[in-house]
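With my numbering applied, the sequence shown corresponds to residues -4 to 332, in that order. Cβ coordinates follow ideal geometry from the N, Cα and C atoms, glycine included. All values reported here derive from a predicted model rather than from experimental measurement.
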Amino acid sequence: MAKILVTGGLGYIGSHTVVALQEAGFKVVIVDNLSNSSIKVLEGIVAITKQTPEFENFDLRDKQSTVAFLKKHNDISGVIHFAASKAVGESVENPLLYYENNINTLIYLLQELNRNGNTNFIFSSSCTVYGQADVMPITEAAPIKLAESPYGNTKQIGEAIIKDVCNANKNFNAIALRYFNPIGAHSSAKIGELPIGVPQNLIPYITQTGAGIREQLFVFGDNYPTTDGTCVRDYIHVVDIANAHVIALQRLLNKENQDNLEVYNLGTGIGSTVLEVIKSFEHVSNKKLNYKIVNRREGDVISAYANTKKANNTLGWKAKSSLDDAMLSAWKWQQTL
Ligand code: NAD
Ligand code: WQD
């Protein structure tokens, strides 16, 4: 049974991916410093899969610990690297934290993996690398725009570093997955998104408002050039994202990749406006949402949704869940909190 390292495996997307990996028969070792997650997530993973992944709690910015860990676990066949800081606003206020956490951890891992000949690497990238793309839906060939935030920049730099490593070492195999907007939770409602403090993202803000934790959702702008004036995004169920990681990993392990660095968009291909997302919540929860239109949020792109042909045809993966499916799972999860 192949053993896979999942960094950030107790985080939102990582935990769903650990479940999918274990269900697909992989052995998993998680590294997470719990900086944005809780040890309770491990119980959720065990409750769903009836398997306990190995778990080591340390900070991947600590190079010595990373080296020692990889020496000890010299039987790892592949790495999925989720660990990073991800709050766009915080990255503007504290850019060095973001460069340190998102870039140093990546460099240390790549250095060690290169050294010990472990060559299968999956990187969490983001649609943020495209900024406001000129053409919708966005293909992987769309130009990378100047990053809108230090966080976005770390994803661009991360991809560039991996590209250079793959160029220098043709035996190193990597896949960068550019997620659009991951939402929702596992159908068991045993794991899901755990935003700390006031949520910055739309779906947890909606479900917390629905649950009465927040009084009102603020919709950031209704005068954009879209069908109803609110911004358009490609909201994709986190379980679909998790499954894509298993498929990408199998592609590397089976040596089916055509290039030693491949890049895929992970989205549904469907763009939804903020008002459509609110309607979806109202539909699945049978509740009216208290919301108010306010000014635009600085830095928001107008529209971003994926062209998914490459992921569908080359990777052989397709998102299965609808916005309503994902929203219902998010709402069920919210009610357990
Ligand atoms: P998350 O914060 O829920 O998970 C990240 C996990 O990594 C957390 O459990 C955190 O404790 C851990 N971690 C962070 N720094 C660490 C370090 N130095 N050492 C050890 N562990 C560390 O985030 P997520 O939403 O699951 O995102 C996972 C990845 O996907 C990130 O790289 C993120 O940038 C990327 N991504 C997320 C989204 C999104 O909307 N959630 C979209 C695109 C890309
Ligand atoms: C979605 C839409 C808001 C909150 C962010 C990161 C991006 C990527 C995904 C990691 C927008 C509107 C939101 C609210 C609102 N993450 N909104 N009221 O901005 O697409 O992307 O997460 O890589 O890098 O920037 O997601 O959920 O914040 O916003 O009206 O209270 O909801 O204006 O149109 P976004 P989001």
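Each of N52, V26, N285 was checked against the Cα of T204, and the nearest Cα belongs to N285. DSSP, reduced to helix, strand and coil, places K150 within a helical segment of the structure shown. Per DSSP, the unbroken alpha helix (DSSP H) holding G39 starts and ends at 35 to 44. Assignment of N162 by DSSP, reduced to helix, strand and coil, places it in the helix class. Here R110 carries a helix assignment [DSSP, helix/strand/coil].
In the displayed model, R228 falls within a strand according to three-state DSSP. Taking C-beta separations shorter than 8 Å and ignoring five residues to either side along the sequence, the partners of E18 in its chain run T44, following chain order.
Where V1 is concerned, the enclosing beta strand (DSSP E) starts and stops at -2 to 2. Across the structure, L212 and N99 are spaced so that their CA atoms are roughly 36 Å apart. Here A184 has K327, W328, T331 as same chain residues with Cβ atoms under 7 Å from its own Cβ, once five neighbours each way along the sequence are excluded.
Excluding five sequence positions before and after A128, the CB atoms of its chain that fall closer than 7 Å to its own CB belong to A137, A299, given in chain order. Between I152 and A78, the alpha-carbon positions lie close to 15 Å from each other. The Cβ neighbour count for N52, taken over all protein chains shown within 10 Å, is under 16; the residue is labelled exposed.
Counting along the chain, the unbroken beta strand (DSSP E) around L261 starts and ends at 256 to 261.
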